[in-house]
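Structure, as structure tokens:
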Amino acid sequence: MKSIQLAGSIRYLAYILVAIQGTLFLLLATFNLGQEYNRSWDNIESNSNGYHFYINNVSIDKTDEILNVFNRYSDLVFIKSMDSDESNQKIIGVIGNSNNFPEIYTFNKKIVSTSDVHNLLKSTNSDATIGLYNGTANQIKSLSNPYFSTSHSIVKMNNYIDKTKSINGKYTVYGLKNKNQLHTFVQDLMAVTGQSKKSIESPNGGSYKTNNFIPLVLSCFLLINFVSLLVIFLSIAVSNLKNNGNLILLGWSKLRIGKKIFIQFFLLSLILTPILSIIFWYISGWSKVSLKVLSHYFMNSIFNIISVFIIILFVCLIVFSMKSIDAIKGKIPNKTLYGVGILGYLFLSSALVAGSIYLDSPMKDVNKYIKISNQWKSVENYYTLKDVQTGSDQSSVIGLSNELNQDFYDWYSSMYQDKNVYISTSEYISKNLLKTYKENRTYDYIPKKPFWYMTFSPTYLKEQGIDIDKKLLAASNSGKKVYLIPDNYTQNEKESLSQWLKESETKNIKDNDISTVFNKSKEFIFVSYHYNKKVFNWSRDTEKNIMVSNPIIYIVTPQNMNYQQSESLRSNDLNGYIKFKDKETAKKYTNKDYLKKYGLEDNKIKFVAIKDFIDGLQKDLSQTILWFLGVIIGIILLSIILLISLSYVYRVSNNERLYVSKFLGFNFFKMYKVPMILIIVVWIIEMVLVCLFHSKIGVILVIIYGIIQILIFYLYMSKNDIKQLLLSIKER
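The numbering of the sequence shown is our numbering, which starts it at 10 and goes up by one.
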């Protein structure tokens, strides 16, 4: 018998969706496997056999003394680790007896053994590593790095401390024989660090990171793909309703018809299982770790087979649940099809509304940056800090060390007298913020009214034409905090402001802060000033005036900084601290040789023109917008396919009534009143929702979506309508 193809050209789209669904399931599996690999490494510091202790707020100068304590307990092994989110790398420091190191396994495969750690600790190379951290030349054992997993490396503890520039943090020790040995060890550690027993046993903060973004995105794509397949399969089944009756008359069973239509898609999912599993196992890096992981890929591929089978079964139950005589007559289970179709239609409409509302936020930000770009014309050629890499200063980023802040402070101190190097940043102390201070009793003194608080360097003040008395400049350079207060402040207002500034600037100063003259002397000078011109406020709030009068001005120098300023020098924001007047100045102070003097060569400091900074932010947002627009367009296309399928079902199930209505001269709306009302009602609900969320882009997209739906429905139902109706009557 001649081969019969019942699926039509639309089957190629279904093939693609089946393959995409299989790929998405295995991508999700790869992510989960990567997290499992990370947990295998994390276990060495969460093992119940280990004892955890913490070194907090201890200077790195104590390194040798602390390591000597560790070395005195030669039968123990000490472990410390640090994550770098920037490089997706985890470095682990080890010292002591390798025999007590907890071996690392994943999927029954030993990754790191006690022998490997022994070879590391006995190596004469101080930079020796297990894993790729100090380069291949220093690697005594290579480690695999599967996709979606963190790159791990083990180094000697002294090398770890040298690289991370911190002795503080959590440690895990293995091999303790009894409580007496533990007590003695803690006492020795207390003597060296100056910590209490409670401090050694208690963490000083900490962090927990989780990455839900990737699985969330993959799950969303899987859901959309699932709905897409359902729509396509329904369309295929509905388009074959005419053929079903003919085939039943020829003796075909419903099972045989369903099998003939859909078996090709099920077989494709079966064929793809070994192919995709082997490909993912190989390219993901797991082929170098464990053969057992291949079975996990096979197991996850089964989800694709099950999903395809469920969709096929669901569609067949709906379409082929009719009686054989109805199929022969061309009748269809319209209520069931309407129910499923409308649910799918509502789901896609909801997804469109949700996507539109989410998209409104980056669209608003793009408009905001366009306004900022226009408002900031006067400073668009200044250079501001755009990016700072962590480099070897991860401990500074997570607060265990002040090394990076110190390096930045020393770097700025070396150039702050250059007339083209500025500090210029601002903050608006609003009425609500002052109210919060008062309600929470944050400070004993609260300013009487809101104000702009400007932090300007002497060079920036000179650039702006604000003349400062030489005595005040000398005072600020000697470590005194000098504030300029507008002369329109009353004595009472000036007093409350001065007291608040004194309190806020001296609160929480610690001994381990960057050493400045002010941190020791804590001296202030408050001076009234009169300045007729308005000052640029560096604000990203487009609702406020960019030029303001009578701000409070703090004249900042390296000597009169406290931790709030010295630790903010590396803030990379439009309203950040350090600015360069031009490109030449930026190049002069950010070249590798100059940065190397201050230990910043590995931090890849990047200054860009403010105009380019704003353009870059707009570009990043534009990419996000394009991604979401792509998803929304996909949703609209699926909705159109589903709408056409529902329209087809409506026309076939109501052909006699439509035939009569057409020849009686009914207009289009009277003939198709029910589906038109449904489309319009859903459209109105969508419009109400996007309006409630004040989504401008949502309003535009919903209007376009509604027009497209009505237009497609009209064109589809009107195309050859008389011819189609006559054919339908003839077939009946």
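Even glycine gets a Cβ: it sits at the ideal position worked out from N, Cα and C. Quick caveat, the model's predicted, so the values are computed rather than measured.
Span of the beta strand (DSSP E) around residue i
i	result
K206	No beta strand (DSSP E) holds K206; the alpha helix (DSSP H) holding it covers K206 to I209.
F535	F533 to Y538
L493	K490 to P495
F465	F460 to F465
Q148	Q148 to K150
S575	First-last for S575: Y572 to S575, but that is the alpha helix (DSSP H), not the beta strand (DSSP E).
Best match in the options for proximity to residue i [C-alpha to C-alpha]
i	options	result
G715	Y418, L652 and L506	L652
I477	Q415, Y540, T451 and D125	Y540
D73	N167, L225 and I280	N167
G184	T133, L85, S211 and I53	L85
N517	W509, N546 and N571	N571
F616	Y391, H703 and L326	Y391
Y347	I534, L687 and Y169	L687
V388	N411, T445 and V544	V544
D171	L698, G608 and V697	G608
I351	H127, P684, R549 and I709	P684
I245	Y492, E412 and I19	I19
Y462	N497, I562, L482 and I523	I562
K89	D624, G643, S175 and E610	S175
A363	I717, V708, S727 and L720	V708
K1	T633, N56 and T393	There is no way to answer for residue 1, as the model of the chain reaches only from 10 to 741.
T525	W261, L42 and D419	D419
I288	S580, L130, F307 and L277	F307
N56	Y114, N569, Q568 and L481	Y114
V328	I614, I642, F34 and I270	I270
G203	K186, L225, I64 and F222	I64
N52	L638, F110 and I564	F110
R48	L481, H161 and L141	H161
T159	N581, N234 and W50	W50
Bridge-paired residues (DSSP) for residue i
i	result
K89	G102
K179	Y63
Y392	F589 and A618
Y437	W461
T138	Q148 and V164
I113	V121
I432	I587
First and last residue of the uninterrupted alpha helix (DSSP H) at residue i
i	result
S727	K705 to S727
F323	K301 to V328
Q30	R20 to D51
R81	T72 to R81
V201	K188 to T202
Q415	E412 to S422
S485	K479 to N486
D602	K601 to K605
Practice problem: Evaluate the contact criterion for the region 98-114 versus the region 236-249: three or more CB pairs, one atom per stretch, below 8 Å. | Solution: The region 98-114 vs the region 236-249: no contact.
Quiz item: Is it true that the region 153-168 meets the region 294-305, where meeting means three or more beta-carbon pairs spaced less than 8 Å apart?
Solution: Yes, the region 153-168 touches the region 294-305.
Practice problem: Jot down the residue ranges of each uninterrupted beta strand (DSSP E) in the region 611-689, minimum 3 residues, whole runs only, in chain order. | Solution: Runs of the beta strand (DSSP E) inside the region 611-689: 615-618.
Practice problem: Specify whether the region 576-586 and the region 348-363 touch according to this definition: at least 3 beta carbon pairs, one from each stretch, less than 8 Å apart. | Solution: With the cut-off at 8 Å, the region 576-586 and the region 348-363 do not touch.
Practice problem: Could you say if the region 493-504 and the region 455-468 meet the contact criterion of at least three C-beta pairs nearer than 8 Å? | Solution: The region 493-504 vs the region 455-468: in contact.
Quiz item: Does the region 555-563 come close enough to the region 597-614 that 3 or more CB-CB pairs lie under 8 Å?
Solution: The region 597-614, when compared against the region 555-563, does not touch it at the 8 Å Cβ threshold.
Self-check item: Ordered list of alpha helix (DSSP H) runs contained in the region 514-563, each at least 4 residues
Solution: Under the rule that a run must span 4 or more residues, the alpha helix (DSSP H) segments found entirely inside the region 514-563 read 526-530.
Exercise. Inspect the CB distances between the region 410-430 and the region 583-596 and report whether three or more fall short of 8 Å.
Key: Yes: at least three Cβ pairs fall under 8 Å.
Practice problem: Starting from the N-terminal side, write out each stretch of the beta strand (DSSP E) that is 3 residues or longer and does not extend beyond the region 256-286. | Solution: Whole beta strand (DSSP E) segments, 3+ residues: zero.
Practice problem: Kindly confirm or deny that the region 308-318 and the region 59-67 touch, where touching means at least three C-beta pairs closer than 8 Å. | Solution: Counting C-beta pairs with one atom in each stretch, the region 308-318 and the region 59-67 have fewer than three that are closer than 8 Å, which means they do not touch.
Self-check item: At least three beta-carbon pairs within less than 8 Å, the region 76-83 to the region 184-200
Solution: Contact holds: three or more Cβ-Cβ distances are below 8 Å.
Self-check item: Meets three-Cβ-pair contact criterion under 8 Å: the region 24-38 and the region 264-282
Solution: Proximity of the region 24-38 to the region 264-282 meets the contact definition, three or more beta-carbon pairs being nearer than 8 Å.
Practice problem: Kindly confirm or deny that the region 440-453 and the region 506-515 touch, where touching means at least three C-beta pairs closer than 8 Å. | Solution: A contact between stretches requires three or more CB pairs, one per stretch, nearer than 8 Å, and the region 440-453 meets this requirement with the region 506-515.
Quiz prompt | Residue ranges of each alpha helix (DSSP H) within the region 225-251, 4 or longer | solution = DSSP runs (the alpha helix (DSSP H)) wholly in the region 225-251: none.
Practice problem: Assess, as a yes-or-no matter, whether the region 33-48 is touched by the region 226-233 under the definition of 3 or more beta carbon pairs within less than 8 Å. | Solution: Between the region 226-233 and the region 33-48 there are three or more C-beta pairs closer than 8 Å, enough to call the two in contact.
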